[in-house]
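Notes to accompany the following structure.
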């Protein structure tokens, strides 16, 4: 179940990046499925000119966009690949949060809202139990729309049945990620400490 919920989260993120790209809005480069033309790579000097970054794929993408090259995010059944989620979930997420906070803090707005969702809904529930119910209902509708979107784009099925567990998972996962981020002093990724 953990892998399925993480998969839904990732497919939703990719869907949002795709929608933003279709509107001409660059978002992020994702190293695990990013292709860069040789011309663009050489024009920005590749990884050797970027310098150290805990999220080097993002920096390469950013430099390529700044150099005036185009970008596309693809969401297609012809290029769909499935991967195993990382065993060191919190370490990977700490690296992502750390990289985003250093390089594009505004990009973390959605994650911060997700992390604050449970505490805010609890506090709002003290005012009226209808507020958390309405907010949760709105989130379910949004998540449902995103799941339908990526299932149609990728011609895959079966994820909609995990809508309710996903709704519980996503806010709790982001809350735990931020707690881990705030309490841990260093990022460990693939045996390296940052």
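Residue numbers (the working numbering): 3 to 196.
Where a beta carbon is used, it is the ideal one built from N, C-alpha and C, also for glycine.
Being a predicted model, the structure only gives us computed values, none of them experimental.
Per the coordinates, the alpha-carbon of residue 102 lies some 12 Å from the alpha-carbon of residue 94.
Remark: C-beta atoms of residue 169 and residue 151 do not approach each other more closely than 8 Å. Runs of the alpha helix (DSSP H) lying entirely within the segment 128-186, each at least 4 residues long, are 132-156, 165-185 in chain order.
Ranked by Cα distance from residue 3, the first of 80, 127, 87 is 87. Judged by pairs of C-beta atoms under 8 Å, the segment 113-130 does not touch the segment 184-196, as fewer than three such pairs exist. Under the three-state reduction of DSSP, residue 40 is assigned to helix. Runs of the alpha helix (DSSP H) lying entirely within the segment 46-91, each at least 4 residues long, are 48-52, 58-68 in chain order. Here residue 195 is bridged, per DSSP, to 190.
Pairing residue 75 with residue 156, the inter-Cα distance amounts to about 13 Å. The alpha-carbon separation between residue 49 and residue 61 amounts to approximately 9 Å. About 7 Å separates the CB atoms of residue 42 and residue 69; that is less than 8 Å, so the two are in contact.
Assigned with DSSP and collapsed to three states, residue 25 falls in coil, not helix or strand. For residue 106, the three-state secondary structure derived from DSSP is coil. Of the candidates 179, 159, 77, 77 places its Cα closest to the Cα of residue 24. Around the CB of residue 160, fewer than 16 other CB atoms lie within 10 Å, so the residue is classed as exposed. Looking only at 51, 53, 45, 81, the smallest Cα-Cα distance to residue 67 is reached by 45.
Taking a 10 Å sphere around the C-beta of residue 124, we find fewer than 16 other C-beta atoms and assign the residue as exposed.
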